[in-house]
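Novice: Would you mind keeping the following structure in view while I ask a few things?
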Amino acid sequence: ERRRRRGRQTARQVRLPRAAAADSASMPPLTRRASKRMAREAEEGAAEAADDGVGMSPLIGSVLRDAGREPPAAGVGARGSADAARFAPYPRPASATRPAASSEQPAERAQRMAEQAARARAAHDQQAAVLEAVREHDAAHRAVLQAQAAAKREQAAHEQSARERMEALAQQQAQHDAQAVEQLEAARREEMVHAQAAREAAVIEEQAHAERETAEHEAEEAAAREQRWLGEAATLGRATREAHEAAERQRAAREQAAAGAPSIFQQAQGGQDGPSDWCASASPGTPPPLSVAQGVGGSSDEGWPCVVRIAAGSPAFEDPGAAATKWLFGDRSHLVT
Numbered sequence: 001e002r003r004r005r006r007g008r009q010t011a012r013q014v015r016l017p018r019a020a021a022a023d024s025a026s027m028p029p030l031t032r033r034a035s036k037r038m039a040r041e042a043e044e045g046a047a048e049a050a051d052d053g054v055g056m057s058p059l060i061g062s063v064l065r066d067a068g069r070e071p072p073a074a075g076v077g078a079r080g081s082a083d084a085a086r087f088a089p090y091p092r093p094a095s096a097t098r099p100a101a102s103s104e105q106p107a108e109r110a111q112r113m114a115e116q117a118a119r120a121r122a123a124h125d126q127q128a129a130v131l132e133a134v135r136e137h138d139a140a141h142r143a144v145l146q147a148q149a150a151a152k153r154e155q156a157a158h159e160q161s162a163r164e165r166m167e168a169l170a171q172q173q174a175q176h177d178a179q180a181v182e183q184l185e186a187a188r189r190e191e192m193v194h195a196q197a198a199r200e201a202a203v204i205e206e207q208a209h210a211e212r213e214t215a216e217h218e219a220e221e222a223a224a225r226e227q228r229w230l231g232e233a234a235t236l237g238r239a240t241r242e243a244h245e246a247a248e249r250q251r252a253a254r255e256q257a258a259a260g261a262p263s264i265f266q267q268a269q270g271g272q273d274g275p276s277d278w279c280a281s282a283s284p285g286t287p288p289p290l291s292v293a294q295g296v297g298g299s300s301d302e303g304w305p306c307v308v309r310i311a312a313g314s315p316a317f318e319d320p321g322a323a324a325t326k327w328l329f330g331d332r333s334h335l336v337t
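Going by full-length UniProt numbering, 149 is the number at position 149 of the sequence shown; the sequence numbering is gapless.
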């Protein structure tokens, strides 16, 4: 790369006009180095041409003048030649290059001039070949740079397309991820709704089961109450019938007592046994009235007789029906006849 730059700058320096190249201080560092190198090469070429007896070519003189240097003065050669005419700038004056007429023959002079012209043409051809090589090198390097730029553009386009594909894939993946998240959220919400519905259904079922159990219990209680009521009604009906029957018997007993009270009293005084349809007016545990003899027909829980003879003049004798009714409805468990 450095050689390429130097060659290109050298070719540019050769093509620069003298007015622009005379001020070497205003040139860039690389251009100044190239100018110095070209001037040094021009000086060496001029010295070699002077040593070989060839005049300095116009290209070398132009390079030396563009670099701000003067061509070698007369008598100063690279090899210490004493011929001052050989170091004069090209074209050299005829007075400086032509030897004395007595020392050189016309044929020798023509041969020397032909050799000088051949060497000058060779130097010109060499300089032209150098410049052409520089141009070819610049063209090749320019082609290489263009190829590199094209490759870089192609690589940049490929990277851009790859970046776009990656961005598209990332966007698509992000969309898929968002859709998956939405689906998961929807499934979670649906599961929560199902779970809530299941819990509510379980609560409703428990409530219904409790209500059924309560209804069954209430139905059982109602049936039990109905059975109890029916039993109580049957018992009450039976007690009512028994009370009516007792009332009928008491009425019949009163009628009979009204007809034959003395004989009954006598039987009670004599202690004779006989059926009696009167009940004691006292509650269980109360002693029977005075002058009442023990009868036949079992006893109560307290051991007092249930069938007794009632003495005449006692409250039970005066109203046996009322005494029986009081006994009946006061304590039905001791109902006796």
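Glycine included, every Cβ here is placed at the ideal spot set by N, Cα and C. Here the structure is a predicted model, which means the values were calculated and not measured.
#1: Would the beta-carbon of residue 141 fall within 8 Å of that of residue 4?
#2: Would you call residue 134 buried or exposed, if buried means 16 or more other Cβ atoms sit within 10 Å of its Cβ?
#3: Look up residue 161 in the DSSP assignment and say whether it is helix, strand or coil.
#4: Residue 1 by DSSP, collapsed to three states: which one?
#5: Whose C-beta lies closer than 8 Å to the C-beta of residue 189 among residues of the same chain, with five residues either side of it excluded?
#6: How long is the line joining the alpha carbons of residue 159 and residue 171, rounded to whole angstroms?
#7: If you reduce the DSSP assignment to three classes, tell me which class residue 105 lands in.
#8: Work out the CA separation of residue 186 and residue 196 for me, nearest whole Å.
#9: Just how far apart, CA to CA, sit residue 237 and residue 203?
#10: Use the C-beta contact count for residue 215: other C-beta atoms within 10 angstroms, 16 or more gives buried, fewer gives exposed.
#11: Taking buried to mean at least 16 other C-beta atoms within 10 Å of its own C-beta, is residue 155 buried or exposed?
#12: Which value, in whole angstroms, describes the spacing of the CA atoms of residue 210 and residue 177?
#13: On the CB-based measure, 16 or more other CB atoms within 10 Å of its CB, does residue 116 come out buried or exposed?
#14: Extract the residue ranges of the beta strand (DSSP E) inside the segment 167-194, only unbroken runs of 3 or more that lie entirely within it.
#15: Just how far apart, CA to CA, sit residue 149 and residue 138?
#16: Do you know offhand how far residue 252's Cα is from residue 246's?
#17: Whole angstroms is fine: what's the gap from residue 179's alpha carbon to residue 163's?
Specialist: On the basis of the supplied data:
#1: In this structure, residue 4 lies closer than 8 Å to residue 141 by Cβ.
#2: Burial call: buried.
#3: Residue 161 falls in the helix class under three-state DSSP.
#4: If DSSP states are grouped into helix, strand and coil, residue 1 belongs with coil.
#5: So the list is empty, once near-sequence residues are dropped.
#6: Separation of residue 159 and residue 171 (C-alpha to C-alpha, rounded to the nearest whole angstrom) is 18 Å.
#7: DSSP places residue 105 in coil when its eight states are reduced to three.
#8: Spanning the two alpha carbons is a distance of roughly 15 Å.
#9: Rounded to the nearest whole angstrom, the C-alpha separation of residue 237 and residue 203 is 49 Å.
#10: Flag for residue 215 reads exposed.
#11: Taking all protein chains shown into account, residue 155 has fewer than 16 neighbouring C-beta atoms within 10 Å of its C-beta and is therefore exposed.
#12: Roughly 48 Å between the two C-alpha positions.
#13: So residue 116 counts as buried.
#14: If only uninterrupted beta strand (DSSP E) runs of at least 3 residues are considered, none is enclosed by the segment 167-194.
#15: Spanning the two alpha carbons is a distance of roughly 16 Å.
#16: The alpha-carbon separation between residue 252 and residue 246 amounts to approximately 10 Å.
#17: In this model, residue 179 and residue 163 are separated by some 24 Å (Cα to Cα).
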